[in-house]
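One structure below.
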Amino acid sequence: LLMSQNKIYCNFTCVTLKYIIQVYAVTFVTSSVRRCVFKRSSIMSEETKVEQKASNPNGRLNLTSLFWLFMFGSALGFVCEGIWDILRLGYWRNHSSLVWGPFCIVYGLGAVAVYVLAQMFHSKNIIIQVLIYMAAGTLVEYLASVFQEVCFGSVSWDYSKHQFNLNGRVSLFMTFIWGVLGIAFVK
Numbered sequence: 215l216l217m218s219q220n221k222i223y224c225n226f227t228c229v230t231l232k233y234i235i236q237v238y239a240v241t242f243v244t245s246s247v248r249r250c251v252f253k254r255s256s257i258m259s260e261e262t263k264v265e266q267k268a269s270n271p272n273g274r275l276n277l278t279s280l281f282w283l284f285m286f287g288s289a290l291g292f293v294c295e296g297i298w299d300i301l302r303l304g305y306w307r308n309h310s311s312l313v314w315g316p317f318c319i320v321y322g323l324g325a326v327a328v329y330v331l332a333q334m335f336h337s338k339n340i341i342i343q344v345l346i347y348m349a350a351g352t353l354v355e356y357l358a359s360v361f362q363e364v365c366f367g368s369v370s371w372d373y374s375k376h377q378f379n380l381n382g383r384v385s386l387f388m389t390f391i392w393g394v395l396g397i398a399f400v401k
């Protein structure tokens with residue numbers, strides 16, 4: 215009994231560490247991308263800024279920056295999952311969700327969702343923000359899981375061993391991770 219409790223504690227600690235590393239890595243990359251986008255906008259001529267402002271009134275969200283955020287988030291998620299497997303299992307496992315390239319799409323979708331919501335709700339109470347990020351991340355993860363299973367007949371993750379899971383697609387623990395990721399991204 216003691217051995218199984220230690221194994222459960224170790225697994226929980228390892229999973230928690232994995233997601234903390236991913237939160238910090240995704241936050242670092244997305245904040246770097248955001249700085250790069252804003253730096254580029256400070257170099258633009260006034261005429262270009264006026265044109266961009268007319269096509270994008272809030273001045274923060276544009277398809278180009280969302281595309282690159284998606285790409286960086288997807289690649290970073292792929293790398294983090296691979297490194298995690300090396301640390302945990304001793305070998306690299308391919309987590310690519312595309313035929314070509316090192317991309318795990320659900321991380322890219324999550325990064326874009328958190329970024330968009332951060333722009334929309336940055337002035338709200340922090341509790342409201344956490345709840346919004348938790349709901350959005352969980353929704354993205356659940357829908358991506360359903361889409362993958364229905365369209366491709368495959369399953370990339372299974373949280374059925376987590377307590378409080380919904381069909382093994384999402385879990386309460388992962389919901390909290392999305393909330394933390396959202397707040398870390400905003401700050």
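Remember, my numbering sits 214 above the position in the sequence shown when you count from 1.
Built from N, CA and C at the ideal position, the CB exists for glycine as well.
None of these values were measured; they are calculated from a predicted model.
- Between V330 and Y347, the gap from beta carbon to beta carbon reaches 8 Å or more.
- The C-beta separation of T352 from W392 comes to about 6 Å, placing the pair in contact by the 8 Å criterion.
- Residue environment: Q343 is assigned as buried (16 or more neighbouring CB atoms within 10 Å of its CB, all protein chains considered).
- Scanning V394, L301, S337, Q333 for the CA closest to the CA of N276 turns up Q333.
- Here the alpha carbon of I340 sits roughly 8 Å from the alpha carbon of I397.
- V326 and G287 have their C-alpha atoms spaced approximately 8 Å apart.
- Short of 8 Å from the beta carbon of L386, and not among the five residues preceding or following it, lie these beta carbons of its own chain, in chain order: H376, Q377, F378, N379.
- Distance from the CA atom of Y321 to the CA atom of V394, rounded to whole angstroms, is 15 Å.
- The three-state reading of DSSP puts V354 in helix, counting H, G and I together.
- In the structure shown, S279 adopts helical secondary structure according to DSSP, grouped into three states.
- Taking the Cα positions, G304 is about 9 Å away from W298.
- If only uninterrupted alpha helix (DSSP H) runs of at least 4 residues are considered, those enclosed by the stretch 319-396 are 319-334, 340-366.
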